[in-house]
Each structure stands twice: as structure tokens, then as C-alpha cells.
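The sequence shown runs 1 to 238 under the numbering used here. Quick reminder that beta carbons are idealized off the backbone N, C-alpha and C, glycines included. Everything on this sheet refers to the single structure shown next.
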Amino acid sequence: MTKYKIDQIGLSRHLSAAQWATLIEGCESVRTVSSNITLTERGTTLSKSLLLIDGFMGRVISNDMTGRKQLVAVEVPGDFVDFHAYPLKHLDHDVVSISEAKVAVFDHDVLQRIFDADVELSRKIWAMTLIDASVQRHWTYRNAAMRALPAVANLLCEFRHRLQRAGFESGASFELPIQQSVLARSCGLSVEHVSRVMRDLREGGYCTISGTTVNIHDLEKLEEIGQFRTDYLYPPGV
């Protein structure tokens, strides 16, 4: 019997029910962290990896000369936030909480034993890591090639899709408990620029944000504006 009851959500749905049960059996502990906490620092030797159960976490690269922190990825429930450290033993970025969050902790030695005993499970976890890399490539493309309006629309569509898989999207709305500054940093824009984009989306009748709730009024048009496709997210079963 597993020590922790953890729902299978998001990317973890690429695993079969039996594979999920095997993985969760190896969970060492469950931690709750406050917002704006650095869980992993760049260059630190790591012996554990974290699976995000609830909340949002980000990957941040700091400029050693200016001190500026660039957000390069946002993780949602069902994502391993630092699985790269399993083979590499350290990361080239920080992992920070950008909302209150809950994570499941896995010791690397335990993961090694699980993977040695189940090659197919190991392959599925590797596939999840490759999907994470695919999302990272899309972020690079979005920030390099898209103007502000389609970039923000694309990111909102991405969050909706990823949160839908994690069970946090309901109909035309979903909770996004992150500040507007996070949206700005995700798209390489200023907060003022994102505010103007959100005004345009609101006045066009496509999308509004009220507090932490994103309300999509015309999904088809929002996806058209954002040139959004789901292929880079590799939905389970595809």
C-alpha cells in the first residue's frame, strides 16, 4: 500500500495506473511550500527530485553581473520540476515556487531501483522529460518570434490546456494563481505591455482575468490570435 494518496494528473497521465502506483510507492515525503521560495539553487548537488502536486513553480536563470532573474519555464501540477537532476546531479537554473505549492519528494537512489526493475516505466518517465523539453522549445519560439498580443494569447491557451489535463480547468474558466508580472516574465515583456495586451483581449471579447480567474469568452478566436496548437504538448494517448 502506498504511503501517500496522490492523484494522477497532468503529464503523469502518460503512465499506466500500475506504473503510477509503482512510482508513488517510492515517494519519500510530501512538502508544502509558500510562494517565492527557492527549492533548488543552480549548481547545488542534488539527490532528490520533486513532483509538483499542486500550485505553480518556475525555473529561473539569474544574470551573475546584473542580478536580473529571467523566468524560463513554469511548471504545473503533474510535472517533475527538477527531474533533470536525476541523471545530471545538479541544475543550471534555480527552481522557485511562484504560488503556494505542494510537492512529492523522491530520492534518486529509490528512483534508480524502480527504473531498474521496470524498464517501461523508466521509458515513460523519460518521455515526460522529453515533453517538458518540447514545451521549453516552444517558449523559446514564442518569445523570439511572436509579438506581444499573440504571445500572451498563446501562453494563456497553453496554461488552459495544461491545467485541463491536471483537472484544474472547468469549461470556459480556470484558476491561474500567479501575478501579472509572471505572465510578463514568461513572455519577455514588461508588466505595462501585458496590461495593454489584456486590455485588448478584454475589449475584443476574447478573454478577461479577474483576480486569479482567467475567463475565456471566445476560445476559438483566442487560439487563432495565439496561433495555438497542441502538438508540442503531446497530450496523453497521442
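Taking 8 Å as the cut-off, does the stretch 218-237 touch the stretch 157-176 (at least 3 CB pairs, one atom from each stretch)?
yes
By the three-class DSSP mapping on this structure, what secondary structure does His62 have?
This sequence places Ser at residue 62; His is not what is there. Looking at Ser62 - three-state DSSP - the assignment turns out to be strand.
For Gly43, tell me which candidate among Leu15, Gly58 and Val95 has the shortest Cα-Cα distance.
Answer by Cα proximity: Val95.
Taking the CB atoms as reference points, tell me whether Asp82 and Thr40 lie closer together than 8 Å.
yes
Between which two residues does the alpha helix (DSSP H) holding Phe159 run?
Ala148 to Arg165
Under 8 Å: do the stretch 70-79 and the stretch 49-60 share three or more Cβ pairs, one atom per stretch?
yes
Take the Cβ of Gly26 as the centre, count every other Cβ of all protein chains shown within 10 Å, and call the residue buried at 16 or more, exposed below.
buried
Among all the DSSP beta bridges, which residues are the ones paired with Ser16?
Ser16 pairs with nothing; no bridge assigned.
Would you identify the three-state DSSP class for His195, choosing helix, strand or coil?
Looking at the sequence shown, residue 195 is not His but Ser. Of the three classes helix, strand and coil, the one that applies to Ser195 here is helix, per DSSP.
Can you list, in chain order, the residues of its chain whose CB lies under 7 Å from that of Thr45, leaving out five sequence neighbours each side?
Lys89 and His90
Return the residue from the list Ile178, Ala127 and Leu189 that minimises the CA-CA distance to Ala248.
Residue 248 cannot be examined here, being either before or after the span of the chain that is shown, 1 to 238.
Can you tell me the Cα-Cα spacing of Ile131 and Arg196, whole angstroms?
32 Å
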